[in-house]
Amino acid sequence: MGIIIELQREALDESVSIESLMRKAYLVAKKLNLKEFEEWLKQEQNGYDEKVPKYRYIVGEVRAWNPYHGWIPVVVSAEIADLISKMPIPTSISAIQDLYTSCKGATISSSVGGKIADWLNENSDNLPTKFNFFSSKSELYRILSTVRNKILDWALLLEENGIRDEQNALIEIRNLAVSP
85 MGIIIELQRE ALDESVSIES LMRKAYLVAK KLNLKEFEEW LKQEQNGYDE KVPKYRYIVG
145 EVRAWNPYHG WIPVVVSAEI ADLISKMPIP TSISAIQDLY TSCKGATISS SVGGKIADWL
205 NENSDNLPTK FNFFSSKSEL YRILSTVRNK ILDWALLLEE NGIRDEQNAL IEIRNLAVSP
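Pasting the structure below:
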């Protein structure tokens, strides 16, 4: 069985870790000299420094800490709510997997700091407080699933183009380079 078929099988198998799947996909991309896919895999493995893809934004809600009532929703205009209801997750895929696995409840949360917290405190009638972003744990699973699906789609595309294993792939690439 060729490595491409093996990659497809592993992409379908939830028991295969996402890190292992990505390493195998990286190996294939590197050997086939597919720079764009190789770069995407590197960013997924190491985290994004710059532009985070849309599928890596999670949807949730910012809440403020109220010492008498606990976490309460932040009431802002619809325009501001749209901006603060999405948070990019630029960290490595292994960090996302670890958070997903270690989270015992259905909800994840992260502190909101910096300019957003300052703006929320400045534009509130209440005393300054801390803010957290709350989201469903399923948002993390959606990111993991999207990455797994992208690898599967890529492996299927390689097979559709006659690439099933490393030797076959090198022959196909040479033929494509020679073809007009």
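Numbered by the working numbering, the letters in the sequence shown go through residues 85 to 264 in order.
Just so it is clear, CB atoms sit at the ideal spot from N, CA and C, and this is done for glycine as well.
Note that the coordinates shown come from a computational prediction; the quantities given were computed from them, not determined experimentally.
query, result
"In angstroms with no decimal places, state the Cα-to-Cα distance between I192 and P212.", "23 Å"
"So, with DSSP's three-state summary, where would you put K234?", "helix"
"For the beta strand (DSSP E) containing E145, name the first residue and the last one.", "141 to 150"
"Mapping the DSSP letters down to three states, classify G198 as helix, strand or coil.", "helix"
"In whole angstroms, what separates the C-alpha of E161 from that of L204?", "First, the residue type needs correcting, since residue 161 is Ser and not Glu in the sequence shown. When rounded, the distance between both Cα atoms is 12 Å."
"Do you know how far the Cα of L240 is from the Cα of L270?", "Examination of residue 270 is not possible in this model, given that the chain is present from 85 through 264 alone."
"Looking at the strands, I want to know which residues DSSP matches up with N216.", "R147, S195"
"I'd like the list of long-range same chain contacts for E243, defined as Cβ closer than 6 Å, with 5 residues on each side in sequence excluded.", "I88"
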